[in-house]
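Colleague:
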Amino acid sequence: MAHYFEERPRTASRPGTVTLLLPDLHLRLETDRGVFSPDRIDAGTRVLLESVPPPPAEGDLLDLGCGYGPIALTMASRAPGATVWAVDVNRRSVELCARNAESAGLDKVRSVHVDEVPGDVRFRAIWSNPAIRIGKQALHEMLTRWLDRLTPDGVAYLVVQKHLGSDSLQNWLNEQGWPTTRAASRSAYRILKVEAR
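See below:
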């Protein structure tokens, strides 16, 4: 788990599966060691998927830090007319997400390494359970890179545990010019709604 944000995990592969069960969606997803939360759908991810409004029906959407794909596949299922970019630094995650999208018949998911998204793509929505544990500076650089690619009317939803700094992150986002509010709070998780600056 400590190295799920490495590009090529050194952890030996041990494939598994988890079930994503939401009121509107039931998926069986391939997982593996060396990716984020391989044994179960992470609690923060679940809070995000159960709390946010539906994504825009069309355009480009982003799952930042896709892991094996629960967020990206939910976005694609809820917005079948949109293109969902599922990005991660972890190439094992990218491959798993691509396979899971194919298995689910969600052909508008583009599962790619973070450096493979065309520079001109702008996002109408970003959903993310961001990798807080990469450290504050790296987190800020990552968020700056992607939040600046929101369309003028675009909105990001980030799920962050309270004890891992959700309130200080909200303050920092506001200070940087992204209007940020708390959209929901449940089980020590905060959903931050971030608007384009």
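According to our numbering, the stretch in the sequence shown is residues 11 to 207, in order. The C-beta atom is built at its ideal place from N, Cα and C for all residues, glycine as well. Remember, it's a predicted structure, so these values are computed and weren't measured experimentally.
Report the residue from Asp-130, Val-57, Arg-20 whose alpha carbon sits nearest the alpha carbon of Pro-33.
Modeller: Nearest of Asp-130, Val-57, Arg-20 to Pro-33, Cα basis: Val-57.
Colleague: Comparing C-alpha positions only, which one of Leu-149, Ser-121, Arg-159 sits nearest to Gln-180?
Modeller: Taking only the C-alpha atoms, the option nearest Gln-180 is Leu-149.
Colleague: Give me the Cβ distance between Ala-135 and Leu-35, rounded to the nearest whole Å; I'm assuming they're in contact under 8 angstroms.
Modeller: About 17 angstroms; that fails the 8 angstroms criterion.
Colleague: Taking all protein chains shown into account, do 16 or more other C-beta atoms lie within 10 angstroms of the C-beta of Arg-120, making it buried, or fewer, making it exposed?
Modeller: With 16 or more other Cβ atoms within 10 Å, it is buried.
Colleague: Taking the straight line between their C-alpha atoms, what separation do you get for Glu-68 and Lys-118?
Modeller: Going by the C-alpha atoms only, they are around 11 angstroms apart.
Colleague: Please name the residue, chosen from Glu-60, Val-165, Glu-105, Phe-133, that lies closest to Glu-17 on a Cα-to-Cα basis.
Modeller: Nearest option by C-alpha distance: Glu-105.
Colleague: Near Arg-109, which residues of its chain fall below 7 angstroms by C-beta distance, leaving aside the five closest residues on each side in sequence?
Modeller: If we look at Arg-109 and ignore the five residues flanking it on each side, its Cβ neighbours are Glu-40.
Colleague: Take Ala-198 as the anchor and find which of Thr-29, Val-170, Val-204 has the nearest alpha-carbon.
Modeller: The residue with the shortest Cα to Cα distance from Ala-198 is Val-170.
Colleague: Alpha carbon to alpha carbon, what distance is there between Leu-183 and Gly-75?
Modeller: Whole-angstrom Cα-Cα distance: 18 angstroms.
Colleague: Where do the ends of the beta strand (DSSP E) carrying Glu-40 lie?
Modeller: First-last of the beta strand (DSSP E) with Glu-40: 35-41.
Colleague: What residue range does the alpha helix (DSSP H) around Pro-162 cover?
Modeller: Taken as a continuous stretch (DSSP letters only), Pro-162 belongs to no alpha helix (DSSP H), being part of the beta strand (DSSP E) at 160-171.
Colleague: For Pro-64, tell me which candidate among Gln-147, Thr-27, Met-85, Trp-95 has the shortest Cα-Cα distance.
Modeller: Answer by Cα proximity: Met-85.
Colleague: Candidates Glu-205, Gly-26, Asp-49: which alpha carbon is nearest Leu-187's?
Modeller: Here residue 187 is Gly; the residue named in the question, Leu, does not match the sequence. With distances taken between Cα atoms, Gly-187 lies closest to Glu-205.
Colleague: Assuming Phe-133 and Thr-154 form a contact by the criterion Cβ under 8 angstroms, report the distance between their Cβ atoms to the nearest whole angstrom.
Modeller: Contact flag wrong, Cβ pair sits at about 14 angstroms.
Colleague: Suppose you measure from the CA of Thr-21 to the CA of Asn-139; what does that come to, to the nearest Å?
Modeller: Approximately 22 angstroms between the Cα atoms of the pair.
Colleague: Tell me, which residues are paired with His-123 by DSSP?
Modeller: Per DSSP, Asp-98.
Colleague: Can the beta-carbon of Leu-168 be found closer than 9 angstroms to that of Ile-201?
Modeller: Cβ atoms of Leu-168 and Ile-201: closer than 9 angstroms.
Colleague: Does Val-104 come out as helix, strand or coil in the three-state DSSP assignment?
Modeller: Correct three-state label for Val-104: helix.
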